[in-house]
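Take a look at the structure set out below.
There are 2 protein chains.
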Amino acid sequence: MKKVKVCVDVMGGDEEPQVVLDGIDAALAADADIEVIAVGPEELVVPFAEKRDRVEPLVAPQVISMEDDPLKAVMSKRKSSIVVACRAVKKGAADGFFSAGATGAVTAAATAYVTPFRFMEGDERRPVRPCITTAIPNRAGGLTVLCDMGANPDVEPGDMVRFGQMGAAYSRVVCGVARPRVGLLSNGTEDTKGSHFTKSCFAPMKEQVPGFVGNCEGTDILSGSVDVVVSDGFAGNVALKATEGAAKTLMHELKGALMGSLKGKIAALLLKDQLMALKQKFSGDAKGGAILLGLKGVVLIGHGATSVEAVKNGTLATAEAVRAGLVEAVASSIEGLVE
Amino acid sequence: MKKVKVCVDVMGGDEEPQVVLDGIDAALAADADIEVIAVGPEELVVPFAEKRDRVEPLVAPQVISMEDDPLKAVMSKRKSSIVVACRAVKKGAADGFFSAGATGAVTAAATAYVTPFRFMEGDERRPVRPCITTAIPNRAGGLTVLCDMGANPDVEPGDMVRFGQMGAAYSRVVCGVARPRVGLLSNGTEDTKGSHFTKSCFAPMKEQVPGFVGNCEGTDILSGSVDVVVSDGFAGNVALKATEGAAKTLMHELKGALMGSLKGKIAALLLKDQLMALKQKFSGDAKGGAILLGLKGVVLIGHGATSVEAVKNGTLATAEAVRAGLVEAVASSIEGLVE
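Line order of the protein sequences matches chains A and B. With the first letter of the first sequence counted as 1, position 226 gets the number 226 in our numbering; the numbers rise by one all the way through. With the first letter of the second sequence counted as 1, position 297 gets the number 636 in our numbering; the numbers rise by one all the way through.
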């Protein structure tokens, strides 16, 4: 396979850095063609790299925590692991970056340092708004791509057009859907449904987004009736978290039903493997985390609780997106691209 | 119990009218203190009423179907069951109305004929925007009230304040929560999160909605951390349908896991009752359907597929809301009420 070099944020996540280091080891073991740049404090990354062939250290003494204000932290902590890693991607020293750190901070740093593509709108040269994108397993056995999941609570119709174009590129090259069907998240499937805002997006999306199939609704996120669901970051975030909340609640209720009686406990024993698989399927992301589309580099953000498995998957998924040519596919999906 | 007279739309729903008639019989059997006004075509409602003590017929020869444009249908089909029933509520001939018909048409007819309360805003006398409200069982064993679920995709901050006030009244008198905690649906729980619109709602809601606890997110719909979730009808509809879609998908996957092996089939036999209860809990609504808050009468809209059970529950829930004094509680929750 193509050799890929991935930056991994050793300080990302809500667990001890050792969890991330173990995750890196697991990723190295799973993919012989990746190299990892471990980004973090000297005392952690230097000894870790010394003992391994395919690991380089990149020293970053500062840490951006989940509690920091994302924008302020990115501006003031220039030597944080997140900022240092984004600059390495920009310079071409790494092919991609995986962090299980704060979504807001990674998004802000990646936008500032990996930088978005630019396009012409009339006479104006404008940057693409990066959108947070995730792929979740649907009932039809495929993956539904959701974008934007929260980077941009307020957007313009042109941004929605680009979310659709970039989301379709992601569905194509990463999820393997030949001709992705792109839906506009709305409060009903009829063409006339929507808020003033989504109604103003309908015509430009119909015209400019390949595979646009019209409005879709909350139930379509997991139904498999569309491959890409486009929304502003506000409604997208609400939809994703409602989905997660419902899945969590059902698993909780199911556990209650199983543990509430002897019959249930016997059933639980019989079903152990299937229940674990079900839990696995609906926790976290099918593709290792949320990806930022619209940037000149692959940046993946681990979602949910950090674990060795999550860091491994995120690191491998970052390499997978690089190998799939995601950044190039996104670039060629944007109309009027200049840079 | 207090005698209550409920209009039931015999032509509502996607099944044969006989399903509704059987549902009425089931409701009459379950509650000795309700009377039903069966609203529909003469050939159905007159013979049905003749054979029953506590049923009156109300003849409505026209039908509004799920395919009709709601507003146009309500204006042109003045003798439809939906319009005729709403006028009966307005006149005081009935205490409430239950329909399993099209949400849009029932909302439009109820707004036009049952009519909303009015309040003073500065020098202006304005009608309350009715909001579609539903209560769903949460993980904490209580009920979360969601409003608005789709009547108003675009609203003003003042509307959101009233949704919060009215939703809290519903939580109090129908769900039995003494001091409902009211959350503003957003893309994060921090005070600074939100779209431009929800940010503009935060301060007025904090000031005017009793029990306001700040922003909540999609996961809070089923977590039980708030009792009332307030949003515009666009985001609310997305959140509700995403929740329903996730629940449906998980039940589907669970069924697959159970039926995929012999062990699973044995487990399914052991768990039969619990699985039915789980399915029951997350299908449809805890309170018989979606209720329209802000109107001078109780109007309930059946949600999901029509069945004898659903019509029975909807009819009983309509009577329950009347007995609980919902309309009066909503009226007294609205600031500046004049009528």
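For every residue, glycine included, the Cβ atom is placed at its ideal position computed from N, Cα and C.
Distance cut-off 6 angstroms: residue i Cβ against heavy atoms of the ligand HEM
| i | result |
| --- | --- |
| threonine 192 (chain A) | Here there are no bound small molecules, and the ligand HEM is not part of this structure. |
8 angstroms CB neighbourhood of residue i in its chain, flanking five on each side removed
| i | result |
| --- | --- |
| alanine 655 (chain B) | Before going on, a small fix: residue 655 (chain B) reads as leucine here, not alanine. So the list reads Ala366, Ala369, Asp370, Ile373, Gly627, once near-sequence residues are dropped. |
| alanine 596 (chain B) | Gly603 |
| leucine 383 (chain B) | Val349, Pro356, Leu360, Ala377 |
| glycine 481 (chain B) | Cys514, Val516, Gly563, Asp566 |
| glutamate 121 (chain A) | Gly158, Gly336 |
| methionine 357 (chain A) | Since the first and last residues shown for chain A are 1 and 339, residue 357 (chain A) lies out of range. |
Integer Cβ distance of residue i from residue j, believed to fall under 8 angstroms
| i | j | result |
| --- | --- | --- |
| proline 469 (chain B) | leucine 632 (chain B) | 6 angstroms |
| glycine 353 (chain B) | methionine 405 (chain B) | What sits at residue 353 (chain B) in the sequence shown is aspartate, not glycine. With a Cβ gap of about 7 angstroms, aspartate 353 (chain B) and methionine 405 (chain B) count as contacting. |
| alanine 239 (chain A) | leucine 185 (chain A) | 6 angstroms |
| valine 453 (chain B) | valine 638 (chain B) | 6 angstroms |
| isoleucine 334 (chain A) | phenylalanine 119 (chain A) | 5 angstroms |
| aspartate 559 (chain B) | valine 565 (chain B) | 5 angstroms |
| serine 420 (chain B) | aspartate 348 (chain B) | 5 angstroms |
| glycine 211 (chain A) | valine 174 (chain A) | Rounded, the Cβ-Cβ distance is 16 angstroms, inconsistent with contact. |
| arginine 478 (chain B) | glycine 563 (chain B) | 5 angstroms |
| lysine 5 (chain A) | arginine 323 (chain A) | In fact, because the Cβ distance is near 12 angstroms, the residues do not count as touching under 8 angstroms. |
| valine 79 (chain A) | proline 57 (chain A) | The sequence shown places lysine at residue 79 (chain A), rather than the valine named in the question. So it is not a contact: roughly 14 angstroms between Cβ atoms. |
| serine 534 (chain B) | valine 358 (chain B) | Not confirmed; about 42 angstroms, so no contact. |
| alanine 246 (chain A) | threonine 582 (chain B) | 4 angstroms |
| serine 438 (chain B) | glycine 351 (chain B) | 4 angstroms |
| valine 484 (chain B) | serine 510 (chain B) | 5 angstroms |
| leucine 222 (chain A) | threonine 588 (chain B) | 4 angstroms |
6 angstroms CB neighbourhood of residue i in its chain, flanking five on each side removed
| i | result |
| --- | --- |
| leucine 21 (chain A) | Phe48 |
| glycine 297 (chain A) | Val89, Val114 |
| arginine 54 (chain A) | Leu28, Glu35 |
| arginine 391 (chain B) | none |
| glycine 96 (chain A) | Val6, Val298, Thr318, Val322 |
| leucine 410 (chain B) | Ala447 |
| aspartate 232 (chain A) | Val155 |
| valine 59 (chain A) | Glu42 |
| isoleucine 403 (chain B) | Ala412, Lys416, Ser419, Ile421, Ala444 |
| glycine 164 (chain A) | Val182, Met205, Val209, Val230 |
| cysteine 86 (chain A) | Ala109, Ala110, Tyr113, Val114 |
| glycine 340 (chain A) | Given that chain A is displayed from residue 1 to residue 339, the structure contains no residue 340 (chain A) and the question cannot be resolved. |
| lysine 312 (chain A) | Gly23, Ala26, Ala27 |
Cut-off 7 angstroms between Cβ atoms - residues of its own chain near residue i, not counting five sequence neighbours on either side
| i | result |
| --- | --- |
| lysine 618 (chain B) | Met590 |
| alanine 670 (chain B) | Phe456, Leu676 |
| glycine 188 (chain A) | Asn215, Glu217 |
| valine 356 (chain A) | Because chain A spans 1 through 339 in this model, residue 356 (chain A) falls outside it and cannot be assessed. |
| arginine 465 (chain B) | Arg457, Phe458 |
| alanine 305 (chain A) | Asp14 |
| valine 161 (chain A) | Pro204, Met205, Gln208, Val209 |
Residue ranges of each alpha helix (DSSP H) within the segment 416-455 of chain B, 4 or longer: Listed in chain order, the complete alpha helix (DSSP H) runs (minimum 4 residues) inside the segment 416-455 of chain B are 420-430, 442-448.
Please confirm if the segment 320-331 of chain A is in contact with the segment 40-52 of chain A, defined as three or more CB-CB distances below 8 angstroms between the two stretches. no
According to a CB-to-CB cut-off of less than 8 angstroms, which residues of the segment 139-173 of chain A neighbour chain B? Within the segment 139-173 of chain A, the residues whose Cβ lies closer than 8 angstroms to some Cβ of chain B are Arg139, Gly150, Pro153, Asp154, listed in chain order.
Pair every Cβ in the segment 269-278 of chain A with every Cβ in the segment 84-103 of chain A, then say whether three or more of these pairs are closer than 8 angstroms. no
Unbroken stretches of the beta strand (DSSP E), 3 residues or longer, contained in the segment 22-88 of chain A: 34-40, 55-59
Would you mind listing the alpha helix (DSSP H) stretches within the segment 529-596 of chain B that are 4+ residues and don't spill past its ends, in chain order? 535-547, 559-562
Pair every Cβ in the segment 186-199 of chain A with every Cβ in the segment 484-500 of chain B, then say whether three or more of these pairs are closer than 8 angstroms. Three or more beta-carbon pairs separated by less than 8 angstroms link the segment 186-199 of chain A to the segment 484-500 of chain B, which places the two stretches in contact.
Beta strand (DSSP E) segments (min. 3 residues) lying fully within the segment 453-516 of chain B: 457-460, 463-466, 470-476, 482-486
Output, in sequence order along the chain, the residues in the segment 241-254 of chain A whose CB is closer than 8 angstroms to any CB in chain B. Lys241, Ala242, Thr243, Glu244, Gly245, Ala246, Ala247, Lys248, Thr249, Leu250, Met251, His252, Glu253, Leu254
Any chance you could list the alpha helix (DSSP H) runs of at least 4 consecutive residues sitting entirely within the segment 600-659 of chain B, in chain order? For secondary structure counted as the alpha helix (DSSP H) over 4 or more consecutive residues, the segment 600-659 of chain B holds these complete runs in sequence order: 601-621.
Can you list, in chain order, the residues of the segment 280-305 of chain A whose Cβ is nearer than 9 angstroms to any Cβ on chain B? Lys281, Phe282
Mind listing which residues of the segment 563-577 of chain B have their C-beta closer than 7 angstroms to chain A's C-betas, in chain order? Gly572, Phe573, Ala574, Asn576, Val577
Contact residues within the segment 394-413 of chain B, judged by C-beta distance below 9 angstroms to chain A: Asp408
Contact set between the segment 177-192 of chain A and chain B, restricted to residues whose Cβ is under 8 angstroms from the partner: From the segment 177-192 of chain A, only Leu185, Ser186, Asn187, Gly188 have a Cβ closer than 8 angstroms to chain B.
Mind checking the segment 542-560 of chain B against chain A and listing, in chain order, the residues whose C-beta falls within less than 9 angstroms of any C-beta there? Glu556, Gly557, Thr558, Asp559, Ile560
Can you list, in chain order, the residues of the segment 427-449 of chain B whose Cβ is nearer than 7 angstroms to any Cβ on chain A? none
Of the residues that make up the segment 463-479 of chain B, which ones have a beta carbon closer than 8 angstroms to any beta carbon in chain A? The segment 463-479 of chain B vs chain A, Cβ under 8 angstroms: Asn477, Arg478.
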